[in-house]
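Participant: In this note's numbering, the protein residues as written are 175 to 443.
Glycine is no exception: its CB is placed at the ideal position from the N, C-alpha and C atoms.
Here the structure is a predicted model, which means the values were calculated and not measured.
(1) Just the Cα atoms here: how many angstroms apart are residue 291 and residue 250?
(2) Identify every residue that forms a DSSP beta bridge with residue 287.
(3) Once the 5 residues before and after residue 340 are set aside, which same chain residues still bring their CB inside 6 angstroms of it?
(4) Applying the 10 Å Cβ sphere with the 16-neighbour rule, what's the burial state of residue 308?
(5) By the three-class DSSP mapping on this structure, what secondary structure does residue 194 have?
(6) Residue 166 to residue 202, Cα distance in whole Å?
(7) Can you tell which of 281, 348, 285, 263 has its C-alpha closest to the C-alpha of residue 298?
(8) To test your reading of the DSSP string, which unbroken beta strand (DSSP E) runs of 3 or more residues are found completely within the segment 270 to 339?
(9) Given residue 305, which residues of its chain have a CB within under 6 angstroms of its CB, disregarding the five upstream and five downstream residues?
(10) Relative to the C-alpha of residue 293, which candidate in 287, 312, 300, 302 has its C-alpha closest?
(11) Can you grab the Cα-Cα spacing for the pair residue 310 / residue 347, in whole Å?
(12) When the distance is taken between beta carbons, is residue 324 closer than 8 angstroms to residue 272?
(13) Distance, Cα to Cα, residue 393 vs residue 374?
(14) Helix, strand or coil for residue 238 per DSSP?
(15) Apart from the five residues just before and just after residue 345, which ones in its own chain have a Cβ nearer than 6 angstroms to its Cβ?
Below, the structure is given as structure tokens:
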């Protein structure tokens, strides 16, 4: 009897154990399935976000480009001239480069709506935070020029269009230079004339004392000559008087001699 009871109890416990195992397996299966499903969803979501954020060139790096100078620049030149514009990154470091263009308007343009002609396209290397680089172009014609640069793709989370920034206006004028050169030539001529006048004045100032001295010498010579002439005239007058006296004396002497001879002859007779 005891053996039969023990056998029945053992069978009963075995059924409970099997049922408990089945129940545990079922719970474990449900738990595992729920965990696997949630992890898979999270995995795919994370994978989608990661693949979106690391694609090169499709997300904004936080850079912000701006041109440094804004006032119009006037260049007086008839020859090819190098024009420049400085651009600064006021945002974070650029992860990649960007593009820029040079836009030109001719001098005879009268259409204010004319957007200009793109005459050059170039590339800008990545610029670090607060760094400044200089864009350069060799301008060969009269007219107006501007540099146009593009912000990095996705600037301010705008992935549909590229934002543009413009430099200051650079005006190249040959006529202005010609007028300036003409004015400079006139100024040079005036200065040369002024210098010549100063030189002449200096020479006159130097020659004036010489001329005055020559006039004084001439005057003294005239006075001396007049004095000599007067003295010569006086001497001549004296000589003539002396000559007359001598002639008169000689005549008297001769008359006396003749008279004395006549008297002598009379006595002899």
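Facilitator: On the basis of the coordinates in this document:
(1) So the alpha carbons of these two residues sit roughly 22 angstroms apart.
(2) DSSP, once it has assigned bridges, lists no residue as partnering residue 287.
(3) Counting only residues of its own chain and dropping the five nearest sequence neighbours on each side, residue 340 has a CB closer than 6 angstroms to the CB of 320, 322.
(4) With fewer than 16 neighbouring CB atoms inside 10 Å of its own CB, residue 308 falls in the exposed class.
(5) Helix.
(6) For residue 166 there is no data in the structure shown, the boundaries of the chain being 175 and 443.
(7) For the residues 281, 348, 285, 263, the minimum Cα distance to residue 298 belongs to 263.
(8) Segments of the beta strand (DSSP E) lying fully in the segment 270 to 339: 272 to 279, 291 to 298, 306 to 313, 317 to 324.
(9) Take residue 305, set aside five residues on each side of it, and the residues of its chain with a beta-carbon closer than 6 angstroms to its own are 263, in chain order.
(10) Comparing C-alpha distances from residue 293 to each of 287, 312, 300, 302 shows the shortest one belongs to 312.
(11) In this model, residue 310 and residue 347 are separated by some 18 angstroms (Cα to Cα).
(12) Going by C-beta atoms, residue 272 is nearer than 8 angstroms to residue 324.
(13) If I take the Cα positions, the gap works out to 27 angstroms.
(14) It is coil, neither helix nor strand.
(15) Only 248, 318 meet the Cβ criterion.
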